[in-house]
Amino acid sequence: MIAALNSPVRRITLAIALSVLIHAAILWLPYIQFPRTRIELPPLSVRIEPPPKTRVADTPKPAKTEPANPLTKLDNSPETGLASHAMARMSKADESIAAHPFPRHLQLTFIVYRGGEGSRIGEIHQQLDISGNRYTLKSERQTAGLSSLRNSDRITQTSSGKIGEHGLQPDTYEEEKITRDGKQGVQATFDWVAQKLRLQDGGEIPLPRDAQDILSFIYQISQLPMHGEYFAIPVSDGAQLQQYQIEIGTRAELATPLGKLPVLHLREMHESGAAHFEIWLGLQYRLLPVKFQLVDSSDKVTEEFVISDIRAGDK
315 MIAALNSPVR RITLAIALSV LIHAAILWLP YIQFPRTRIE LPPLSVRIEP PPKTRVADTP
375 KPAKTEPANP LTKLDNSPET GLASHAMARM SKADESIAAH PFPRHLQLTF IVYRGGEGSR
435 IGEIHQQLDI SGNRYTLKSE RQTAGLSSLR NSDRITQTSS GKIGEHGLQP DTYEEEKITR
495 DGKQGVQATF DWVAQKLRLQ DGGEIPLPRD AQDILSFIYQ ISQLPMHGEY FAIPVSDGAQ
555 LQQYQIEIGT RAELATPLGK LPVLHLREMH ESGAAHFEIW LGLQYRLLPV KFQLVDSSDK
615 VTEEFVISDI RAGDK
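Quick note on numbering: the sequence shown equals residues 315 to 629 in our numbering.
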């Protein structure tokens, strides 16, 4: 065998053949799911009710009549492990802060797509844990499959602070991004006593009483009264503080891996030609986020995150 490779031509031919085989194997690899270190919770137990037989354009604004949000208490027995085996009757209630209490443990998984109808490029796993009057919210995004061979990015965001009758009040926000070029991180501290927001670069700015970080705000939205046509919320990403103006849109039906879900559409108000985001909240999941889009200045969707799994528990 070694003698057969003495010829340079034969060695080159063998190298090319091996390269072709390796690349062919990579192209046909299955979608890779990365291991997660998190507690196991049962699937969310809900009853999906039929959508109202009205056109979306004729549906009243949520400021007048809000739907129930039937996030139920879960039964952890094996017989009720699957949502389809644990259907529960949900009572109707006006949407208020009291109608959307967070479970003590909540896990959401989103599929990440490139563009509005692009290819699947990874997953985002988010976990909310509440102990007493404290909360910790963690989000981990990681590329997967073939895309991870070209761009092994991982973004971890952590928000922690107090939780009360008005929802989340962050104390700290941290973000770490790991790429092939190295590691980057940002951190912000919310000093509610001094009413100062301390940013990554050491700067300090006045801290509005309802300020959120870039991770906590998408959950805090469920705690806000949906009155009028829009609401404002100050949000920090660790480098700055922005005042988001969120337009309250119409109700619709959204196709997801969990089935068709009734949703409320929100959009960041923006000037023409400016990048913005859009959020869809699950009307039967206590207004938890079920879809998120990033839109560039040319009004093109650059990334889309769609819910694929919801798990919750109160133990």
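Ideal placement from N, C-alpha and C gives every residue a C-beta, glycine not left out.
This structure is a prediction, so every number in the text was calculated from the model and none was measured.
Inset, instruction - Can you have a look at leucine 463 and say buried or exposed, based on whether 16 or more other CB atoms are within 10 angstroms of its CB? - result: Numbered from 1 along the sequence shown, position 149 holds the residue referred to as residue 463. The predicted position of leucine 463 is uncertain, since its pLDDT is 47 and thus under 50; no value can be drawn from it.
Legend entry - For serine 586, three-class secondary structure by DSSP: By 1-based counting over the sequence shown, the position of residue 586 is 272. Note: serine 586 maps to coil in three-state DSSP.
Inset, instruction - Taking 8 Å as the threshold, find out whether the stretch 593 to 612 comes into contact with the stretch 531 to 549 through three or more Cβ pairs. - result: yes
Legend entry - Beta-carbon proximity list for leucine 420, same chain, < 6 Å, skipping 5 on both sides: By one-based count along the sequence shown, residue 420 stands at place 106. Cβ neighbours of leucine 420 beyond the five flanking positions: Leu442 and Ala626.
Legend entry - Between the CA atoms of aspartate 551 and histidine 590 - distance to the nearest angstrom: For the purposes of this step, residue 590 is taken as the residue at position 276 of the sequence shown. For the purposes of this step, residue 551 is taken as the residue at position 237 of the sequence shown. Cα to Cα, histidine 590 sits roughly 15 Å from aspartate 551.
Legend entry - Backbone secondary structure at glutamine 483 - three-state DSSP: As a working note, residue 483 is residue 169 in the sequence shown. It is a strand residue.
Legend entry - Under the three-state DSSP convention, the category tyrosine 544 falls into: Within the sequence shown, residue 544 is the residue found at index 230, counting from 1. Reduced to three states, the DSSP call for tyrosine 544 is strand.
Inset, instruction - Check whether the Cβ atoms of arginine 494 and threonine 503 lie closer than 8 Å to each other. - result: Position 180 of the sequence shown, counted from the start, is the residue given in the question as residue 494. Position 189 of the sequence shown, counted from the start, is the residue given in the question as residue 503. No, they are not a contact pair.
Inset, instruction - Give the DSSP-derived three-state secondary structure of serine 612 in the structure shown. - result: In the sequence shown, residue 612 corresponds to position 298, counting from 1. Three-state result, serine 612: coil.
Legend entry - CA nearest to the CA of glutamate 561, picked from Ala588, Ala546 and Tyr487: Residue numbering aside, residue 561 sits at position 247 when the sequence shown is read from its first letter. The option with the nearest alpha carbon to glutamate 561 is Ala546.
Inset, instruction - Taking valine 620 as the reference, give the member of His584, Asp613 and Gln440 with the closest Cα. - result: Start at 1 with the first residue of the sequence shown, and residue 620 comes out as number 306. Checking every option, the nearest Cα to that of valine 620 belongs to Gln440.
Inset, instruction - Identify, in the order they occur along the chain, each residue of the same chain with its Cβ nearer than 6 Å to the Cβ of glutamine 554, setting aside the five sequence neighbours on each side. - result: The count along the sequence shown starts at 1 and reaches residue 554 at position 240. Hits under 6 Å: none found.
Inset, instruction - Pull up the distance between the alpha-carbon of glutamate 616 and that of valine 507, whole angstroms please. - result: Against the sequence shown, residue 616 aligns to sequence position 302. Against the sequence shown, residue 507 aligns to sequence position 193. Inspection of the sequence shows that residue 616 is occupied by threonine rather than by glutamate. Their Cα atoms are separated by approximately 39 Å.
Inset, instruction - Quick one: grab the DSSP three-state call for isoleucine 528. - result: The count along the sequence shown starts at 1 and reaches residue 528 at position 214. Note: isoleucine 528 maps to coil in three-state DSSP.
Legend entry - Span of the beta strand (DSSP E), counted from its first residue to its last, around isoleucine 425: In the sequence shown, the residue the question calls residue 425 occupies position 111. Counting along the chain, the beta strand (DSSP E) containing isoleucine 425 begins and ends at 419 to 428.
Inset, instruction - State the start and end residues of the unbroken beta strand (DSSP E) segment that holds serine 536. - result: Position 222 of the sequence shown holds residue 536. Counting along the chain, serine 536 falls outside any beta strand (DSSP E), and DSSP gives it neither H nor E.
Inset, instruction - Please go through the same chain and pick out, in chain order, the residues whose beta-carbon is closer than 7 Å to the beta-carbon of histidine 414, but skip the five residues on each side of it. - result: Locating residue 414 in the sequence shown gives position 100, where the first residue counts as 1. Cβ neighbours of histidine 414 beyond the five flanking positions: Asn383, Ser536, Gln537, Arg600 and Leu601.
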